[in-house]
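J.:
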Amino acid sequence: MTIHLEFWLTNFVFPIFGDTILNFEIDKYSIKISRVKNYKKIIEQLEAGKHECMPTAIITVECKINQKSEVLEIVNDLSYLFSFVLANNIKPIKTTIKENDKIIHDEFNSRNILPIKYINRKAIIDSRDCETLKIFIEKTFKNYQKFKKDFGLEILILYYLLIKSTPIIELSCSLCFILLEYLSDSASDFFENSEKSPYPITAPIRNKKEILKILDKANISDCIPENVIDKIVKKISYQHPNLPDKITHITNYFSMEMNKCDHFLFHYRTHLLHFGLIKDKTIKHSDIQNALINFIDRIILHILGYKGSKYLNIKEKNKEEIL
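The numbering used here puts the first residue of the sequence shown at 86, with every later residue one more than the last.
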């Protein structure tokens, strides 16, 4: 039996340019996204904060009744991808099942019905054009499905939306580091697999260099055997990979280049997570926030396989750049 599925999405804002209907081919399914009635009025109300949970778009898919669960998973994955790239909390809040144009079942998704705040923040790509959004989904959907469990992408995106929505800069920055901690922990099993390299441990190497510098300054480095220095290093060093080690390993795996600014961002982690603020008053906290968000944008986009495509760099006032 063929059924017609309708998924009512909240907070999905259509591109300004292009068609008012978006069509995707995902796996063997034709997926159509169209506007709801009174779309413009609903968007205005959401932007003004008059409503916290209103459908703005409908995803429609035709499938066999035994394919329903597969379609549900695809729509769920799409909603997370849209949420990330459009920087908004996009969820299916109702599912309608039709047969021969007759409604045979209406189901409200209770976990998505609680207030879902509209986030009025800039998207990660130039979302004004339908074609750009379609290209993003076509390029990233397979990688999202491939890595969503290994890298915990669903929870990662929920953290990301919190980062984008909180008005407190220090909290946003702290959440950035919590997101990175979560990402590195989620990926640990992936890298500990026998076919892949485990996380490196760089603390002993760094500590040995520092110890040798101190001994050289005191002119006693030649007096202490290297095996003794190694024992000291082993005793004092953190014998596990730290957050920079783990994140660098992830970026290397996905061929993402980290610049000096990216590496220096970890310097602020201690300030934020131990003191709740950044003590360096010579630097704008909003600059650190934008640098952290840009770093996370690039990591997630690389995981999704979007390298070589255009994205908006929040650190450079949303300048369009090649990833």
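We put the CB at the ideal spot given by N, CA and C, even for glycine.
Just so we're clear, the structure is a prediction, and the values are computed from it rather than from any experiment.
Taking residue 226 as the reference, give the member of 397, 150, 245, 110 with the closest Cα.
T.: Numbered from 1 along the sequence shown, position 141 holds the residue referred to as residue 226. Of the candidates 397, 150, 245, 110, the one whose C-alpha sits nearest the C-alpha of residue 226 is 110.
J.: Which residues mark the beginning and the end of the alpha helix (DSSP H) in which residue 114 is found?
T.: Position 29 of the sequence shown holds residue 114. That residue, residue 114, is in no alpha helix (DSSP H); its beta strand (DSSP E) goes 114-120.
J.: Expressed to the nearest angstrom, what Euclidean distance is found between the alpha-carbon atoms of residue 272 and residue 378?
T.: The residue labelled residue 272 in the question sits at position 187 within the sequence shown. The residue labelled residue 378 in the question sits at position 293 within the sequence shown. Each residue's alpha carbon lies about 20 Å from the other.
J.: Pairs of beta-carbons, one from the region 304-319 and one from the region 361-381, closer than 8 Å: are there three or more?
T.: In short, these stretches do not touch, since the Cβ pair count stays below three.
J.: Say whether the region 169-177 touches the region 109-125, bearing in mind that this needs 3 or more beta-carbon pairs closer than 8 Å, one atom from each stretch.
T.: The region 169-177, when compared against the region 109-125, does not touch it at the 8 Å Cβ threshold.
J.: Taking 8 Å as the cut-off, decide whether the C-beta atoms of residue 385 and residue 207 are in contact.
T.: Residue mapping note: residue 385 aligns to position 300 of the sequence shown, counting from 1. Residue mapping note: residue 207 aligns to position 122 of the sequence shown, counting from 1. No. Outside cutoff.
J.: Less than 8 Å between the beta carbons of residue 257 and residue 130, yes or no?
T.: Indexing the sequence shown from 1 puts residue 257 at position 172. Indexing the sequence shown from 1 puts residue 130 at position 45. No, these two residues do not count as a Cβ contact at 8 Å.
J.: Find out if the Cβ-Cβ distance for the pair residue 94, residue 145 is shorter than 8 Å.
T.: Stepping through the sequence shown from its first residue, residue 94 is reached at position 9. Stepping through the sequence shown from its first residue, residue 145 is reached at position 60. Cβ atoms of residue 94 and residue 145: not closer than 8 Å.
J.: What is the DSSP secondary structure of residue 432, counted as helix, strand or coil?
T.: Any answer about residue 432 is impossible in this case: the structure gives the chain only from 86 up to 408.
J.: Decide if residue 270 is buried, meaning its Cβ has at least 16 other Cβ atoms within 10 Å, or exposed.
T.: Residue mapping note: residue 270 aligns to position 185 of the sequence shown, counting from 1. It is exposed - the Cβ of residue 270 has fewer than 16 other Cβ atoms within 10 Å.
J.: Return the CA-CA distance between residue 348 and residue 331, expressed in angstroms with no decimal places.
T.: For the purposes of this step, residue 348 is identified with residue 263 of the sequence shown, where counting begins at 1. For the purposes of this step, residue 331 is identified with residue 246 of the sequence shown, where counting begins at 1. For residue 348 and residue 331, the distance between alpha carbons rounds to 12 Å.
J.: Measure the alpha-carbon distance for residue 275 versus residue 235 and round it to whole angstroms.
T.: Translated into the one-based positions of the sequence shown, residue 275 becomes position 190. Translated into the one-based positions of the sequence shown, residue 235 becomes position 150. Those two C-alpha atoms are separated by around 6 Å.
J.: Quick one: any contact between the region 97-106 and the region 213-222, if contact means 3 or more CB pairs under 8 Å?
T.: Segments in contact, yes.
J.: May I have the straight-line CA-CA distance separating residue 402 from residue 233, to the nearest angstrom?
T.: The sequence position of residue 402 within the sequence shown is 317, counting from 1. The sequence position of residue 233 within the sequence shown is 148, counting from 1. Distance between the alpha carbons of residue 402 and residue 233: 29 Å.
J.: At 3 residues or longer, and completely inside the region 159-243: list those beta strand (DSSP E) runs for me, N to C.
T.: Complete beta strand (DSSP E) runs here, min 3: 176-184, 187-193.
J.: With DSSP as the reference, label residue 92 as helix, strand or coil.
T.: Translated into positions along the sequence shown, residue 92 becomes position 7. Residue 92 falls in the strand class under three-state DSSP.
J.: Between residue 273 and the ligand GTP, is there a pair consisting of the residue's CB and a ligand heavy atom that are separated by less than 7 Å?
T.: Only the bare structure without any ligand can be found here, which leaves the ligand GTP out of the picture.
J.: Which stretch, first to last residue, makes up the beta strand (DSSP E) that contains residue 107?
T.: Locating residue 107 in the sequence shown gives position 22, where the first residue counts as 1. Note, residue 107: beta strand (DSSP E), 106-111.
J.: Do residue 259 and residue 357 have their C-beta atoms closer together than 8 Å?
T.: On the sequence shown, residue 259 is found 174 positions in, with the first residue counted as 1. On the sequence shown, residue 357 is found 272 positions in, with the first residue counted as 1. Closer than 8 Å, so yes.
J.: State the DSSP-derived secondary structure class of residue 398, mapped to helix, strand or coil.
T.: As a working note, residue 398 is residue 313 in the sequence shown. If DSSP states are grouped into helix, strand and coil, residue 398 belongs with the strands.
J.: With 16 other CB atoms within 10 Å as the buried threshold, where does residue 432 fall?
T.: In the structure displayed, the chain extends from 86 to 408; residue 432 sits before or after that span and is not available.
J.: Measure the C-alpha to C-alpha separation of residue 305 and residue 316 and round it to an integer number of angstroms.
T.: Looking up residue 305 in the sequence shown gives position 220. Looking up residue 316 in the sequence shown gives position 231. C-alpha separation (whole angstroms): 17 Å.
J.: Could you tell me the alpha carbon to alpha carbon distance between residue 352 and residue 263, rounded to whole angstroms?
T.: Sequence index remark: in the sequence shown, residue 352 carries index 267 (1-based). Sequence index remark: in the sequence shown, residue 263 carries index 178 (1-based). So the two alpha carbons sit approximately 14 Å from each other.
J.: Tell me which residue opens and which closes the alpha helix (DSSP H) that residue 384 is part of.
T.: In the sequence shown, counting from the first residue as 1, residue 384 sits at position 299. Unbroken alpha helix (DSSP H) run through residue 384: 370-388.
J.: Mind checking which residues open and close the alpha helix (DSSP H) that includes residue 332?
T.: The residue you call residue 332 lines up with position 247 of the sequence shown. Residue 332 -> alpha helix (DSSP H) spans 328-338.
J.: Which term fits residue 193, buried or exposed, when burial requires 16 or more other beta carbons within 10 angstroms of its beta carbon?
T.: For the purposes of this step, residue 193 is identified with residue 108 of the sequence shown, where counting begins at 1. Answer is exposed; the Cβ neighbour count stays below 16.
J.: Roughly how many angstroms separate the alpha carbons of residue 268 and residue 164, rounded to a whole number?
T.: Here residue 268 is taken as the residue at index 183 of the sequence shown, counted from 1. Here residue 164 is taken as the residue at index 79 of the sequence shown, counted from 1. For residue 268 and residue 164, the distance between alpha carbons rounds to 20 Å.
J.: Helix, strand or coil: how does DSSP classify residue 125 here?
T.: Position 40 of the sequence shown, counting from 1, holds the residue named residue 125. Reduced to three states, the DSSP call for residue 125 is helix.
J.: Going along the chain, which residues of its own chain have a beta-carbon closer than 7 Å to the beta-carbon of residue 341, five neighbours each way excluded?
T.: Here residue 341 corresponds to residue number 256 of the sequence shown, with the count starting at 1. Excluding positions up to five away in sequence, the list reads 383, 384, 387.
J.: Note the first and the last residue of the continuous alpha helix (DSSP H) segment covering residue 266.
T.: For this step, residue 266 is matched to residue 181 along the sequence shown. Unbroken alpha helix (DSSP H) run through residue 266: 254-271.
J.: Suppose you measure from the CA of residue 108 to the CA of residue 327; what does that come to, to the nearest Å?
T.: Along the sequence shown, one-based indexing puts residue 108 at 23. Along the sequence shown, one-based indexing puts residue 327 at 242. Answer to the nearest angstrom: the Cα atoms are 44 Å apart.
J.: Which of the three DSSP states is assigned to residue 346 in this structure?
T.: Your numbering for residue 346 matches position 261 in the sequence shown. It is helical.
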